[in-house]
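J.: Top line first, the protein sequences correspond to chains A and B.
Using this note's numbering, the letters of the first sequence map in sequence onto residues 12 to 317.
Using this note's numbering, the letters of the second sequence map in sequence onto residues 10 to 472.
Glycine residues also receive a C-beta, built at the ideal position from the N, C-alpha and C atoms.
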Amino acid sequence: MTRTIKALALLLLLAPLTAVAGLRVFACEPEWSALAEEIGGDRVEASSATHALQDPHYVEARPSLISQVRKADLVICSGAQLEIGWLPMLLSKANNPRILPGKDGFLEASSMVRRLDVPDSVDRAQGDMHPQGNPHIQMNPHNIARVAQALGKRLAELDPDNAADYQARTADFLRRWNTAITRWEEQAKPLAGSRVVCHHKSWVYLEDWLGLREVTTLEPVPGIPPTAAHLSALLAELGTDGKGADMIIRSPFQNPKPSEWLQERTGIPAVMLPLTVGGSDRAKDLFSLFDDIIERMLSARAGSRS
Amino acid sequence: MNTRWFYLPLAWALSGCPLTMAQDGQTPELDLLREEIRSMRVEYEARIAELETRLEAAEQAAAAKPSAQGAPATAAEPMSGYEEPAMMSPQTVSVARDSSFNPAIGVTFQGQAWAFDNDPGDYAIPGFPLGGEAGPAPEGLSLAETEISMSANVDDKFTAMLTAPIVVEEGEVKFELEEAWVETVGLPASLAVRMGRFYSAIGYQNSRHFHAWDFADQPLVYQAFLGNQYLDDGLQVRWLAPTDFYLEFSAELLRGDRYPAGGAANSGFGAQSLSAKTGGDIGFSNSWLLGLSWLGADADGRASGSEDDPLYFTGDSDLLIADFVWKWAPNGNSRQRNLILQAEFLWRNENGEYSLPDGATGPWDVDQRGWYAQAVYQPFPRWRFGARYDQLSSDEPGSWWLDTPLYPMDSDPRRYSLMVDWSNSEFSRLRLQYNYDSAGEDADNQFGLQYIFSIGAHGAHSF
Numbered sequence: 012m013t014r015t016i017k018a019l020a021l022l023l024l025l026a027p028l029t030a031v032a033g034l035r036v037f038a039c040e041p042e043w044s045a046l047a048e049e050i051g052g053d054r055v056e057a058s059s060a061t062h063a064l065q066d067p068h069y070v071e072a073r074p075s076l077i078s079q080v081r082k083a084d085l086v087i088c089s090g091a092q093l094e095i096g097w098l099p100m101l102l103s104k105a106n107n108p109r110i111l112p113g114k115d116g117f118l119e120a121s122s123m124v125r126r127l128d129v130p131d132s133v134d135r136a137q138g139d140m141h142p143q144g145n146p147h148i149q150m151n152p153h154n155i156a157r158v159a160q161a162l163g164k165r166l167a168e169l170d171p172d173n174a175a176d177y178q179a180r181t182a183d184f185l186r187r188w189n190t191a192i193t194r195w196e197e198q199a200k201p202l203a204g205s206r207v208v209c210h211h212k213s214w215v216y217l218e219d220w221l222g223l224r225e226v227t228t229l230e231p232v233p234g235i236p237p238t239a240a241h242l243s244a245l246l247a248e249l250g251t252d253g254k255g256a257d258m259i260i261r262s263p264f265q266n267p268k269p270s271e272w273l274q275e276r277t278g279i280p281a282v283m284l285p286l287t288v289g290g291s292d293r294a295k296d297l298f299s300l301f302d303d304i305i306e307r308m309l310s311a312r313a314g315s316r317s
Numbered sequence: 010m011n012t013r014w015f016y017l018p019l020a021w022a023l024s025g026c027p028l029t030m031a032q033d034g035q036t037p038e039l040d041l042l043r044e045e046i047r048s049m050r051v052e053y054e055a056r057i058a059e060l061e062t063r064l065e066a067a068e069q070a071a072a073a074k075p076s077a078q079g080a081p082a083t084a085a086e087p088m089s090g091y092e093e094p095a096m097m098s099p100q101t102v103s104v105a106r107d108s109s110f111n112p113a114i115g116v117t118f119q120g121q122a123w124a125f126d127n128d129p130g131d132y133a134i135p136g137f138p139l140g141g142e143a144g145p146a147p148e149g150l151s152l153a154e155t156e157i158s159m160s161a162n163v164d165d166k167f168t169a170m171l172t173a174p175i176v177v178e179e180g181e182v183k184f185e186l187e188e189a190w191v192e193t194v195g196l197p198a199s200l201a202v203r204m205g206r207f208y209s210a211i212g213y214q215n216s217r218h219f220h221a222w223d224f225a226d227q228p229l230v231y232q233a234f235l236g237n238q239y240l241d242d243g244l245q246v247r248w249l250a251p252t253d254f255y256l257e258f259s260a261e262l263l264r265g266d267r268y269p270a271g272g273a274a275n276s277g278f279g280a281q282s283l284s285a286k287t288g289g290d291i292g293f294s295n296s297w298l299l300g301l302s303w304l305g306a307d308a309d310g311r312a313s314g315s316e317d318d319p320l321y322f323t324g325d326s327d328l329l330i331a332d333f334v335w336k337w338a339p340n341g342n343s344r345q346r347n348l349i350l351q352a353e354f355l356w357r358n359e360n361g362e363y364s365l366p367d368g369a370t371g372p373w374d375v376d377q378r379g380w381y382a383q384a385v386y387q388p389f390p391r392w393r394f395g396a397r398y399d400q401l402s403s404d405e406p407g408s409w410w411l412d413t414p415l416y417p418m419d420s421d422p423r424r425y426s427l428m429v430d431w432s433n434s435e436f437s438r439l440r441l442q443y444n445y446d447s448a449g450e451d452a453d454n455q456f457g458l459q460y461i462f463s464i465g466a467h468g469a470h471s472f
């Protein structure tokens, strides 16, 4: 009996540790925690499982993440199997009924948008395949607008007392976001038709948005690191006159050596683009992320090597 | 999508309505609706502009093409790289098929080749008669278990998992049942209950499947104290504490039919365990896990030692395990470079009586302990290098046991291991391992080659 009382007392002592006002949002990637902060403001406490210098495909189901998912009111992830290697383990270990797929507390961002690169058939001989299409949807700001609407509605459902506030904040975000999109599309006009070489197929949504043409990738098949043989073949294909493509793109967590090697020999500028919020010094929020991407591409296109 | 199109004219009318009081909507709903429409307009304008550009480019390409081919330029050729990408609408309706509910199925193929100085059939550690599956792999080329796994949600409250290895033992193909459990999904109060056959949650290495081990064999402490890996039938309850850091407790009630338990003592409730685990991160690059577990097992005529002349133990076996794992990966990108440090300490007390093959029975109350520490380093993608040290030690069991397999050697049993493995992807691994094993009467050089390949569904690994 006294043992039960002691246990209860311990629980009561621990309870204040977790009492925080507002909704706790666990985002798999920084773009979604940034979006949750835009739309939830002070009413949400958002954290991201990964940071911008980390490859979201390969993360360990760390103990700290299990305890974060345990407390979450909403889990928002890109989905489309991007997090297949770790999110299922977190969801099953966190013992949290609110955030299981199918519940209001789980939001898969990629299910809100038109997915590209959906394969007709999947075979692991082709590398890391995503049967539901390319998961890096955040690279088209129109997709972010769609996810923002879904997220706003979901926050309003989870916290109905403040529904009007989430609606107002969603509207305000979309107003600023649409204005920014118009500006970016104007700025990016010179980029249309640019031929790009990508390290990994992380940029198909950016290509689709800005009308870029992907010439080839540094990875021989998705998820398999660039090999010397593959790079030599690329060198032969792209030539040494700097005209084989307009730029070579990689994200901050990808090894810079292959793209720099190719830049040296082909004369095609290699450029690092932030793949999410925090990926560069300038990309501090969703707005500055796209400002930075477009500026980096424009300066690469103008020939100045970054 | 459809519902939005339905609202479109309505919203347009509202937003343009002269009766609307202010430019900025007075209600958030109207405001939001207006911005949603604008989002759609901006998006569709962009798509229309993109299509127009493509049309223009295609027209130019068609015009530039000389019509010497005879027929007038037929359809505009799509520019390379501009093919309409495959699409999937958000509301894709999938046609229901019987196979839609099939469980996720995976198969792991495992094979090995071992060479020993000594005959592995005679392998024994004096003072630590081995039970369960413990002991060296077969000499020469052989298949290790070929593991079939299936898992799926049962319904909204339960999920189930089956792991059934196919093994070849003395030329006979056997279908075994390794794990077969059902677990609750979404119980309140951060609880989870697992029932069926499963690897006990004690220690760090115990619940890891063969294909996820960092060395081709188990540490000596697992061989000596847990029969290689403790697996049993029973019930497991886990509770995740409501703390900001990771803290999990689990309790198990088990049948007690396997080493270190035996004979399903206590009417088939022969073993219990308790464990606590905690862990966290230090910066982006380091994370750790610390665990403490206890296993209490009743043994009723538990067999160990040589298969032909086994020793039988009846009594209580208590085991304490402290485990520690530290993982380092620069910026959390373990795919590029990482280091895993892992160590476990085990203490065991067994109190009861042992009977020898000749029928003689004597009292037994002995403390034994042991530990291992290992480091596995991946300096660049695909390649990993590892080193491991094992040690056991035993109290003196009394001169009654002199000249029996239960009397330990003067020096503590030790083993040193080195390994290197290469993984083309997460689904394939080739490994080379060397052990210098001085745990037996004569030191042994052991060389192993191993492959691990998996196809089909492959569940996410735990930390």
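Run through chain E and tell me which residues come within less than 7 angstroms of A:H147, C-beta to C-beta.
T.: Of the chains in the structure shown, none is chain E; the protein chains are A and B.
J.: Start and end of the beta strand (DSSP E) containing B:T323?
T.: 320–337 is the span of the beta strand (DSSP E), which, as asked, contains B:T323.
J.: Residues bridged to B:T155 by DSSP?
T.: DSSP lists B:I175 as partners of B:T155.
J.: Can you name, in chain order, every residue of its own chain whose Cβ lies under 7 angstroms from the Cβ of B:A352, other than the five neighbours on each side?
T.: Taken in chain order, the residues that qualify are F333, W380, Y381, A382.
J.: Report the rounded CA-to-CA distance for B:G368 versus B:Y321, giving the unit in angstroms.
T.: C-alpha separation (whole angstroms): 10 angstroms.
J.: Just to confirm, are B:G144 and B:Q232 a CB contact at a threshold of 8 angstroms?
T.: Result yes, Cβ atoms of B:G144 and B:Q232 sit closer than 8 angstroms.
J.: What separation, rounded to the nearest whole angstrom, lies between the Cα atoms of B:D317 and B:D164?
T.: Near 47 angstroms, if we compare the C-alpha coordinates of B:D164 and B:D317.
J.: Assuming B:A399 is part of the beta strand (DSSP E), what are its boundary residues?
T.: The sequence given here has Asp at residue 399 of chain B, not Ala. Counting along the chain, the beta strand (DSSP E) containing B:D399 begins and ends at 392–403.
J.: Could you work out which residues of chain B lie near A:H153, taking near to mean beta carbons separated by less than 8 angstroms?
T.: Here the neighbours are S48, V51, E52, A55.
J.: A:A63 and A:S44 - do their beta-carbons sit closer together than 8 angstroms?
T.: No, these two residues do not count as a Cβ contact at 8 angstroms.
J.: Out of curiosity, what's the CA-to-CA distance linking B:G212 and B:Q377?
T.: Answer to the nearest angstrom: the Cα atoms are 17 angstroms apart.
J.: Ignore the nearest five residues each way along the sequence and tell me which others in B:W222's own chain have a CB closer than 8 angstroms to its CB.
T.: Once the five neighbours on either side are set aside, the close Cβ partners of B:W222 are Q214.
J.: Closest to B:E178 by C-alpha separation, out of B:E54, B:A153, B:P138, B:W410, would be which residue?
T.: It is B:A153.
J.: If you follow the beta strand (DSSP E) that B:S315 is in, where does it begin and where does it stop?
T.: First-last for B:S315: undefined, no H or E at that position.
J.: Could you check what DSSP says for B:A260 in three-state terms: helix, strand or coil?
T.: Strand.
J.: Considering only residues of the same chain and omitting the five flanking positions on each side of B:A122, which have a CB-CB separation below 6 angstroms?
T.: Hits under 6 angstroms: L150, L458.
J.: Would you identify the three-state DSSP class for B:K286, choosing helix, strand or coil?
T.: In this structure, B:K286 counts as strand in the three-state DSSP scheme.
J.: Would you list, in sequence order, the uninterrupted alpha helix (DSSP H) runs of no fewer than 4 residues that lie entirely inside the stretch 64–138 of chain A?
T.: List check, alpha helix (DSSP H) in window: 74–82, 98–104.
J.: Which first and last residues belong to the beta strand (DSSP E) in which A:L169 is found?
T.: Unbroken run through A:L169 is the alpha helix (DSSP H), 152–169; no beta strand (DSSP E).
J.: Residues in the stretch 241–274 of chain B with C-beta within 9 angstroms of chain A's C-beta atoms, listed in sequence order?
T.: If the cut-off is 9 angstroms between Cβ atoms, the stretch 241–274 of chain B has R247, W248, L249, A250, P251, T252, D253, F254, Y255, L256, E257 near chain A.
J.: Could you tell me the distance, in whole angstroms, from the CA atom of A:W188 to the CA atom of B:I57?
T.: Cα to Cα, A:W188 sits roughly 19 angstroms from B:I57.
J.: Return the residues of the stretch 181–192 of chain A that lie within a Cβ-Cβ distance of less than 7 angstroms from chain B, sorted by chain order.
T.: Correct list: T181, A182, L185, R186, N189, I192.
J.: By how many angstroms is the C-alpha of B:V202 removed from the C-alpha of B:A273?
T.: Each residue's Cα considered, the two are about 22 angstroms apart.
J.: With respect to 7 angstroms, is the separation between the Cβ of A:S205 and the closest non-hydrogen atom of the ligand NAP below this value?
T.: The ligand NAP is not among the ligands present in this structure, which contains no ligands whatsoever.
J.: Are any of the Cβ atoms in chain B nearer than 8 angstroms to that of A:V70?
T.: At least one chain B Cβ lies under 8 angstroms of A:V70.
J.: Nearest to A:A83 by alpha carbon, out of A:G52, A:V70, A:L118?
T.: It is A:L118 whose Cα lies nearest to the Cα of A:A83.
J.: With three or more beta-carbon pairs closer than 8 angstroms as the criterion, would you say the stretch 79–94 of chain A touches the stretch 143–158 of chain A?
T.: They touch, by the three-pair rule.
J.: Can you list, in chain order, the residues of its chain with a C-beta nearer than 6 angstroms to that of B:N360? Leave out the 5 residues immediately preceding and following it.
T.: Closer than 6 angstroms at the Cβ level, and outside the excluded window around B:N360, lie G324, D325, D374.
J.: Within 10 angstroms of its Cβ, does A:A136 collect 16 or more other Cβ (buried), or is it exposed?
T.: By the neighbour-count rule (16 or more Cβ atoms within 10 Å), A:A136 is not buried but exposed.
J.: Please decide whether A:L24 counts as near chain B, where near means a Cβ-Cβ distance under 8 angstroms.
T.: Only weak support is given to the placement of A:L24: the predicted model assigns it a pLDDT of 48, under 50, and the value that follows is read from those uncertain coordinates. No, its Cβ sits nowhere closer than 8 angstroms to a Cβ of chain B.
J.: One question on the structure: do B:G268 and B:S209 come within less than 8 angstroms of each other, judged by their Cβ atoms?
T.: Reading the sequence as shown, one finds Tyr at residue 268 of chain B and not Gly. Contact: no.
J.: Can you name the start and end residues of the beta strand (DSSP E) that B:M204 belongs to?
T.: Looking at the DSSP string, the run of the beta strand (DSSP E) that includes B:M204 is 200–208.
J.: With DSSP as the reference, label A:G314 as helix, strand or coil.
T.: In this structure, A:G314 counts as coil in the three-state DSSP scheme.
J.: Hey, A:Y177 and A:I50: beta-carbon distance below 8 angstroms or not?
T.: Taking 8 angstroms as the Cβ cut-off, A:Y177 and A:I50 qualify as a contacting pair.
J.: Express the C-alpha separation of A:P233 and A:E196 in angstroms, rounding to a whole number.
T.: C-alpha separation (whole angstroms): 29 angstroms.
J.: Measuring only the C-alpha atoms, how far is A:A60 from B:R206?
T.: For A:A60 and B:R206, the distance between alpha carbons rounds to 33 angstroms.
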